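The sequence shown begins at 105 in our numbering and counts up one residue at a time.
Report on the following structure.
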Amino acid sequence: MHHRSCASTTKGRWAGTEAWLPAVCLLAGCTREQSAVDPGGPQAEQIARLFWTMTGAGSLIFAIVIVLLALALWRSRGSDEPRPLTWHQSRRLVLLAGIVVPGLVLFAFVYASARIDRATTDGPPTATMTIEVIGHRWWWEVNYLDRDLKPLATTANEIHVPVGQPVRVLLRSADVIHSFWVPNLNGKTDLIPGKTNTAWLQAARPGIYRGQCAEFCGMQHAHMAFLVIAADPDQFASWLARQSQPAAPPDDAQRRLGVQVFLQRQCVLCHTVRGMPAGGKLGPDLTHLASRRTLGAGTLVNDRFNLARWLILNQSIKPGNRMPAIILPSEEFEALLDYLGGLE
Ligand code: CUA
Numbered sequence: 105m106h107h108r109s110c111a112s113t114t115k116g117r118w119a120g121t122e123a124w125l126p127a128v129c130l131l132a133g134c135t136r137e138q139s140a141v142d143p144g145g146p147q148a149e150q151i152a153r154l155f156w157t158m159t160g161a162g163s164l165i166f167a168i169v170i171v172l173l174a175l176a177l178w179r180s181r182g183s184d185e186p187r188p189l190t191w192h193q194s195r196r197l198v199l200l201a202g203i204v205v206p207g208l209v210l211f212a213f214v215y216a217s218a219r220i221d222r223a224t225t226d227g228p229p230t231a232t233m234t235i236e237v238i239g240h241r242w243w244w245e246v247n248y249l250d251r252d253l254k255p256l257a258t259t260a261n262e263i264h265v266p267v268g269q270p271v272r273v274l275l276r277s278a279d280v281i282h283s284f285w286v287p288n289l290n291g292k293t294d295l296i297p298g299k300t301n302t303a304w305l306q307a308a309r310p311g312i313y314r315g316q317c318a319e320f321c322g323m324q325h326a327h328m329a330f331l332v333i334a335a336d337p338d339q340f341a342s343w344l345a346r347q348s349q350p351a352a353p354p355d356d357a358q359r360r361l362g363v364q365v366f367l368q369r370q371c372v373l374c375h376t377v378r379g380m381p382a383g384g385k386l387g388p389d390l391t392h393l394a395s396r397r398t399l400g401a402g403t404l405v406n407d408r409f410n411l412a413r414w415l416i417l418n419q420s421i422k423p424g425n426r427m428p429a430i431i432l433p434s435e436e437f438e439a440l441l442d443y444l445g446g447l448e
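Below is the structure:
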């Protein structure tokens, strides 16, 4: 996954663009895969429509005010004597243009916002499935629940959903307040310690949508991203079936050494690999680590090179995260990489 950054061009021929770059970034949302004005589902569509209606109405009112101002200046040119309004005229003007019209416009927007807020948070009465998302500093635990709300599979920083079906998301926090936001699919919902909030996701078309923590939660708040991957229901079902399986046992000597390293060094204290005597809960479940697209909650593309970097240098890549540097003899390190890279 790549990110087109809007903030990396400041010198040379781009000098002087700083003033309008933020505006362009705001409008474009920087990328299509994370944008509130490129809706990928019915809830985001309503929000985007409200945004464009407000922007349009605001621009129209601004234009009317500027035209009236220009007219007033034009009519008063050349005359030294100001022509004041009568008291009655001023009173009527202030009442109408200063109170009644703005009041009506603002009321219409408040009403529309409240209606759309209702519609996007209440969601449909029946959910095809329920996913529990737990916010941690600074990553997302994702539990797929069955009809009795028992976990079927656990993953991290990646939420797979079937296209066209409403999915209920139960939001909890393990530590501080976070906020769950997938701009292409819905508005923000906070994750509050000791409370369960509900959000809805519904993707109208297959694709990868980027989500982001939207409530400042500490040093690595900006590196608390996740992906929502919407696929055809059949593809989703086979993905979920695979994720529900325990990890396959290692099939060669190198990976068997990797398991030993995993179980005898620090890894096992914090991480779970289902099917192994490894049930740590402090870090992400690694049962199907290699099937995920990113490492460190959207920080790095998940490949062998980045996995090695993450194991050794994670405190310089994402300072303050709870993972220590994993420094091992190179033979053990290679075996651990092979083992983790094979957890598909
Ligand atoms: Cu979690 Cu910001």
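Note that CB positions come from ideal geometry on N, CA and C, so glycine has one too.
Predicted model, so just to flag it, every value in this text is computed and none were measured.
Original post:
Can you name, in chain order, every residue of its own chain whose Cβ lies under 6 Å from the Cβ of residue 436, other than the five neighbours on each side?
Top reply: Only 365 meet the Cβ criterion.
Original post:
Taking the alpha-carbon positions, what's the residue 284 to residue 163 distance?
Top reply: As the crow flies, the alpha-carbon of residue 284 is around 31 Å from that of residue 163.
Original post:
Since residue 242 contacts residue 327 with CB under 8 Å, what's their CB separation in whole angstroms?
Top reply: Yes, residue 242 and residue 327 are in contact; Cβ-Cβ is about 6 Å, under 8 Å.
**OP:** May I ask you to verify whether the stretch 184-201 touches the stretch 340-357, counting CB pairs closer than 8 Å and requiring at least 3?
**Re:** The stretch 184-201, when compared against the stretch 340-357, does not touch it at the 8 Å Cβ threshold.
Subject >> Straight-line gap, residue 385 to residue 268 (C-alpha atoms, nearest Å) >> reply: Between the C-alpha atoms of residue 385 and residue 268 there is a straight-line separation of about 33 Å.
**OP:** Classify residue 283 as helix, strand or coil using the three-state DSSP reduction.
**Re:** Looking at residue 283 - three-state DSSP - the assignment turns out to be strand.
**OP:** Report the rounded CA-to-CA distance for residue 431 versus residue 400, giving the unit in angstroms.
**Re:** Going by the C-alpha atoms only, they are around 18 Å apart.
Subject >> Distance cut-off 7 Å: residue 178 Cβ against heavy atoms of ligand 1 >> reply: No, ligand 1 has no heavy atom inside 7 Å of this Cβ.
Original post:
Taking contact to mean at least 3 C-beta pairs separated by less than 8 Å, is the stretch 214-226 in contact with the stretch 347-365?
Top reply: No: fewer than three Cβ pairs fall under 8 Å.
Original post:
How do the stretch 139-153 and the stretch 301-308 stand: do at least 3 beta-carbon pairs fall below 8 Å, yes or no?
Top reply: Two segments are said to touch when three or more pairs of C-beta atoms, one from each, lie closer than 8 Å; by this definition the stretch 139-153 touches the stretch 301-308.
Subject >> Other residues of its chain near residue 377: CB distance less than 6 Å, five sequence neighbours each side excluded >> reply: In chain order, 351, 390, 391 place their CB closer than 6 Å to the CB of residue 377, counting only its own chain and leaving out the 5 sequence neighbours on each side.
Original post:
Can you name, in chain order, every residue of its own chain whose Cβ lies under 8 Å from the Cβ of residue 310, other than the five neighbours on each side?
Top reply: Spatial neighbours of residue 310 in its own chain (CB-CB distance under 8 Å, excluding positions within 5 residues in sequence) are listed in chain order as 267, 334, 335, 336.
Original post:
From residue 150 to residue 367, what distance separates their C-alpha atoms?
Top reply: Between residue 150 and residue 367, the C-alpha separation is close to 49 Å.
Original post:
What's the C-alpha gap between residue 246 and residue 206?
Top reply: Residue 206 has its alpha-carbon roughly 45 Å from the corresponding atom of residue 246.
Original post:
Below 8 Å between beta carbons: does that hold for residue 262 and residue 330?
Top reply: Against a cut-off of 8 Å, the Cβ pair of residue 330 and residue 262 comes out as a contact.
**OP:** Just list the alpha helix (DSSP H) runs in the stretch 142-181, keeping only unbroken ones of 4 residues or longer that don't cross its boundaries, in chain order.
**Re:** If only complete runs of 4 or more residues are kept, the stretch 142-181 shows the alpha helix (DSSP H) at 146-179, in order along the chain.
Subject >> In DSSP terms, what residue 246 is bridged to >> reply: According to DSSP, residue pairing for residue 246 in a beta bridge involves 237, 259.
**OP:** Within the stretch 289-315, note down every full beta strand (DSSP E) run reaching 3 residues or more, in order along the chain.
**Re:** 293-295, 301-305, all fully within the stretch 289-315.
Original post:
The beta strand (DSSP E) spanning residue 204 covers which residue range?
Top reply: No beta strand (DSSP E) holds residue 204; DSSP gives it neither H nor E.
Original post:
Is there contact between the stretch 276-290 and the stretch 313-322, where contact requires at least three CB pairs shorter than 8 Å?
Top reply: With contact defined as three or more Cβ pairs closer than 8 Å, the stretch 276-290 and the stretch 313-322 are in contact.
**OP:** Please work out which residues of its chain come closer than 7 Å, Cβ to Cβ, to residue 406, disregarding the five sequence neighbours upstream and downstream, and give them in chain order.
**Re:** In chain order, 396, 397, 398, 399 place their CB closer than 7 Å to the CB of residue 406, counting only its own chain and leaving out the 5 sequence neighbours on each side.
**OP:** Enumerate in chain order the residues of its own chain whose CB-to-CB distance from residue 379 is below 6 Å, with the five nearest sequence positions on each side excluded.
**Re:** Hits under 6 Å: 350, 351.
**OP:** Taking residue 434 as the reference, give the member of 447, 281, 227, 362 with the closest Cα.
**Re:** Ranking 447, 281, 227, 362 by Cα distance to residue 434 puts 362 first.
**OP:** Could you check if residue 215 is buried or exposed, using at least 16 other CB atoms within 10 Å of its CB as the buried criterion?
**Re:** The residue is exposed, with fewer than 16 neighbouring Cβ atoms inside 10 Å.
Subject >> Per DSSP, the bridge partner or partners of residue 444 >> reply: Per the DSSP secondary-structure output, residue 444 pairs with nothing in a beta bridge.
Original post:
Does the Cβ of residue 327 lie closer than 7 Å to at least one heavy atom of ligand 1?
Top reply: Not so, every heavy atom of ligand 1 lies at least 7 Å from the Cβ.
**OP:** Counting only the same chain and skipping the five closest in sequence on each side, list residues whose C-beta sits under 8 Å from that of residue 429.
**Re:** The beta carbon of residue 429 is closer than 8 Å to those of 415, 416, 417, 418, 419 in its chain, skipping five residues each way along the sequence.
Original post:
Excluding sequence positions up to five away, which residues of its chain have a Cβ less than 7 Å from the Cβ of residue 298?
Top reply: Closer than 7 Å at Cβ, skipping near neighbours: no residue.
Original post:
Whose C-beta lies closer than 6 Å to the C-beta of residue 292 among residues of the same chain, with five residues either side of it excluded?
Top reply: Once the five neighbours on either side are set aside, the close Cβ partners of residue 292 are 283, 285, 318.
Original post:
Name the DSSP beta bridge partners of residue 383, please?
Top reply: The partner list for residue 383 (beta bridge, DSSP) reads 376.
Subject >> Alpha carbon of residue 276 to alpha carbon of residue 443, nearest angstrom >> reply: Between the alpha carbons of residue 276 and residue 443 lies a distance of about 31 Å.
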